[in-house]
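The opening residue of the sequence shown carries number 1 in the working numbering; numbering runs sequentially from there. All C-beta atoms in this analysis are idealised placements derived from N, C-alpha and C, irrespective of residue type, glycine included.
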Amino acid sequence: MTSNPLNPSDGDDKPKDPLAEMLQNLMGGKGMENIDAAEIARAAGLPDDPNLLAQMFSQVQAMMSAPSEGPVNWQLAHENARRVAATGSDPSVTSQQSREVDEALRLAELWLDQVTGLPATGLIGRAWSRAEWVEATLGTWKRLTEPVANSIANALSSAMTQQMPEEMKSMMGGASSMLQNMGGAIFGMQLGQAIGALSAEVVSSTDIGVPLADLEMALLPSNVAKFGAGLSIPENDIRLFLAVREAAHARLFVQVPWLRGHLLGAIEAYASGIHIDMSRIEELARDLDPGNPEGIQEALSQGVFMPQRTPAQEQALEKLETALALVEGWVDELTAAATENVLPSSAALRETVRRRRATGGPAEHAFASLVGLELRPRRLREAATLWATLKEERGIEGRDAIWHHPDLLPTAEDLDDPKGFSSRRALAEASDTEVDDALQKLLSGGFDTPQPDSSTEGQDATPDGNGNTAEGDGGTGTDDSGEGPAGGKP
């Protein structure tokens, strides 16, 4: 019997099981010598620098062999995100860029004061590099993706175990923890790749409509310059327009404290119901070939792990999409109002941002394929129309008062018919008032008061000589002292 218990070939020339060979390469003394690092790099979308790859895969091997705190290797996701963010050019922010961003965000706050009743945040504007954006947002990314990531990692690990020959299962011994970590390592690498790529597309901390960095207001100068390339618009105008959008997002999330939890909670509600199609995972595990790592990458990018949506998830997704649209529509409307008289290019920039948010960039699509969730406000234009209508009908204060409580938020139906929102809300408020009046009457004992006898209804009541009243049929009245019938003793 061979010294390596994971090698089922018993020293002969029979072909080894592909999964066994992969496990042997990862856990045995051969290290990575039988795995083509360049092939894996191409599969994962990583740079093909041999020294960088050797270092990375050495870390991967050590991580998958070591105990893990959970099904997903978040350390690997973090390191891969930083590595991808640094690919190409990610220069450190200069003092001039920091000053320009700070001035733009300060001016944006002044402009917003004229178009909203929500007070300024008092936050200090930041200028971030892509790596700094990764560091500031990774904690929220973990919160958003962990339910999906755990489901995928567990499903992949379970499928691999089920596909493993029985004789190998009995020989796994202490190596079982490595197998459990394998799915988490694969997903961690892919998630880090997606987040790192996204860092090259976002222009601010709230660019995707979700507050990834709590109580922060920041722009990414290198990405702002990339955004403006080819627009034939002065760079300062572009920076100011994007600064107003960022300041509007920050003002909304800071002054409406329940909103951040509402959005993240909607994402978590969707993700908590994730159900992975095990048959597709089992097919992947059965066809896994160590010499063809593109298979795993193709499965991840084409949605092999895409969750099957349940009715409850569809409801959660509709709630999330509506909330994202309301946030983006409000920011879109305020940004247009704040900049229309001070930036000649405001209308063109507004349309550019709208199209960009509606279609999403390559990294955003990659992230959506990975976790089965798109963070795009599909109904941004309808939401902007709704907020504009509310301003016309209720004024600035009345429009912004909608954010006072989540129960006041417009629904998907309201986005279908923005003009009819106020009339529908008036009917709902009238109904609520009737319920409140009835409840108040009940609590005050109003329903305990005896109702007049129907037999006496319509009969005249005439005052007596003392100012008391007596029924027209000669019934008794009561004097002011309450001692008994008028003119007599109890």
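Endpoints, alpha helix (DSSP H) assigned at residue i
| i | result |
| --- | --- |
| L76 | 74–85 |
| Q379 | Note that residue 379 is Arg in the sequence shown here, rather than Gln. R379 -> no alpha helix (DSSP H), and no H or E assigned at all. |
| I267 | 258–272 |
| E374 | Here E374 belongs to no alpha helix (DSSP H), and DSSP marks it neither H nor E. |
| D493 | Limits of the chain in this structure are 1 at one end and 490 at the other, which puts residue 493 out of reach. |
| T359 | 346–359 |
Where residue i falls: helix, strand or coil (DSSP)
| i | result |
| --- | --- |
| D90 | coil |
| V115 | coil |
| N341 | coil |
| P147 | helix |
| I233 | coil |
| G139 | helix |
| G398 | helix |
| D332 | helix |
| S422 | helix |
| G209 | coil |
| D102 | helix |
| S444 | coil |
| S199 | coil |
| L409 | coil |
| M32 | Interpretation of M32 is limited by its pLDDT of 40, a score under 50 that renders its predicted location unreliable; no figure is taken from the coordinates. |
| G192 | helix |
| T121 | coil |
| T322 | helix |
| T310 | coil |
| K391 | helix |
| A66 | The pLDDT assigned to A66 is 49, lower than 50, so where the model puts this residue is not dependable, and the model offers no usable value. |
Cross-strand partners of residue i (DSSP beta bridge)
| i | result |
| --- | --- |
| S204 | L219 |
With 16 other Cβ atoms within 10 Å as the buried cut-off, status of residue i
| i | result |
| --- | --- |
| W128 | buried |
| T411 | exposed |
| R99 | exposed |
| E392 | exposed |
| P147 | buried |
| D494 | With the chain represented from 1 up to 490, any question about residue 494 goes unanswered, as that position is not in the structure. |
| A197 | buried |
| Q96 | exposed |
| L215 | exposed |
| G192 | buried |
| R251 | buried |
| G329 | buried |
| K419 | exposed |
| L320 | buried |
| R130 | buried |
| V508 | The shown model of the chain, from 1 to 490, leaves out residue 508, and the question about it has no answer. |
| E340 | exposed |
| A426 | exposed |
| N80 | buried |
| A248 | buried |
| H78 | buried |
| R350 | buried |
| T359 | exposed |
Span of the beta strand (DSSP E) around residue i
| i | result |
| --- | --- |
| A127 | 125–127 |
Beta carbon proximity, residue i to chain C, threshold 8 Å
| i | result |
| --- | --- |
| F227 | Within the model displayed, chain C is absent; a lone protein chain is all it includes. |
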